Amino acid sequence: MRALSPEFQSHLDTGATTLCTCWRIARRDGAAFRFTDHDRALVVGGEIYEPDTAGDGAALQSSADLSVDNSQVQGALSSERLSAAELASGRFDGAAVEIWRVNWAAPEQRVLLKRGVIGEVRRDGAAFTAEIRGLSAALDETAGRVYGRLCDAAVGDARCGVDLDDPAFKGAGAIIEALDEQRFAVSGLDAFADDWFVHGRLDWTSGANAGASGHVKAQGKGALSLWLPPGFPPAPGDAFEVRAGCDKRFETCREKFSNGVNFRGFHLMPGNDFVLSYPLHSEKNDGGKLS
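Going letter by letter, the sequence shown gives residues 22 to 312 in the working numbering.
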């Protein structure tokens, strides 16, 4: 049950309302963006909401139980501050969103309709659809450790212990030319073995993508490819830093990083082959065989 001020409730009771919707988006880097579907800028809560008539808020879906509730915001990217390239580069992933219903004739009369975070963003030409995940969406995320053969730590974190700033695990290079939207000819990585940086993180340090990150799909022979295209097409000379990746296997942890002591998986756990195995007359069945 949402609590409304007496003035706002009286306005709604008249049946002839002057309502609009306002969206406030706060990125994880601290940047904030404020939009309204009204035809002029509004000052709400001491902040200016710029008009963006291209936006369209779909029906808001909420539930009283713990099931996940999502909604969507659709529109054309008409605001110069909300670019398609920044959406594609992931800078708005996880951004906090507030959706308000506001009386534009008296902006102090408002009610919070939804609070959530931006999830999946889809583009079709110049238009976008941004999924807004409710706070209960966090209940779908895995919490705690996972019992499995592969490591459940992120390479370089406190549980892993690998120093990714070690020169053995960190490289720096620059774009020579774009081979396609995800694959690039690069310089600066010739001293590293092929695929050394696969599954690793690439951070753009100059150019239009400076400050954004991506993940390496393949690397070698003077080329590097990413899993997803960067938000802006890289230009020759754009610089980047890249750090070694890990495929989460014990062999990689031990041989590539010399870090087997900190392996956070259970590589000796029995698998389906052990469960389905049975003694064979031709083999030595003394209890020492695992599979």
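No residue lacks a Cβ here, since even glycine has one placed at the ideal position from N, Cα and C. Just so it is clear, the structure is predicted and the values come from calculations on it, not from any experiment.
- Comparing alpha carbon positions, the residue from 244, 29, 136, 164 closest to residue 117 is 136.
- Following the DSSP letters along the chain, one finds residue 43 inside the beta strand (DSSP E) bounded by residues 40–47.
- Spatial neighbours of residue 284 in its own chain (CB-CB distance under 8 angstroms, excluding positions within 5 residues in sequence) are listed in chain order as 172, 271, 274, 275.
- Considering only 209, 114, 122, 279, the residue with the shortest C-alpha distance to residue 143 is 114.
- Under the criterion of beta carbons closer than 8 angstroms, residue 125 and residue 39 qualify as touching, at roughly 5 angstroms.
- When 232, 236, 200, 225 are compared, the shortest CA-CA separation from residue 217 is found for 236.
- Residue 194 is a Cβ neighbour of residue 210, given a cutoff of 8 angstroms.
- According to DSSP, residue pairing for residue 124 in a beta bridge involves 40.
- The beta carbon of residue 175 sits closer than 7 angstroms to those of 181, all from its chain and outside the five residues before and after it, given in chain order.
- Within the region 164–237, the beta strand (DSSP E) runs of at least 3 residues that lie entirely inside it are, in chain order, 191–199, 204–208, 222–225.
- Residues 183, 185 of the same chain have their beta carbon placed closer than 6 angstroms to that of residue 177, with the five preceding and five following residues left out of the count.
- Contact check for residue 252 against residue 239 fails: the beta carbons are separated by 8 angstroms or more.
- For residue 112 and residue 48, the gap between their C-alpha atoms comes out near 7 angstroms.
- When secondary structure is reduced to three states using DSSP, residue 246 falls in the strand class.
- A residue is called buried when at least 16 other Cβ atoms come within 10 angstroms of its Cβ; residue 170 does not meet this threshold and is exposed.
- Setting aside the 5 residues that flank it on each side, residue 268 is surrounded in the same chain by 220, each with a C-beta closer than 7 angstroms to its C-beta; the list follows chain order.
- Residue 136 has 119 as its beta-bridge partners, per DSSP.
- In the structure shown, the three-state DSSP call for residue 72 is strand.
- Where residue 272 is concerned, the enclosing alpha helix (DSSP H) starts and stops at 271–276.
- Contact between residue 245 and residue 205 holds: CB atoms are separated by about 6 angstroms, below the 8 angstroms threshold.
- For residue 33, the enclosing alpha helix (DSSP H) starts and ends at 27–34.
- Secondary structure note for residue 296: its alpha helix (DSSP H) is the uninterrupted segment 293–296.
- Of the candidates 41, 30, 286, the residue whose Cα lies closest to the Cα of residue 165 is 286.
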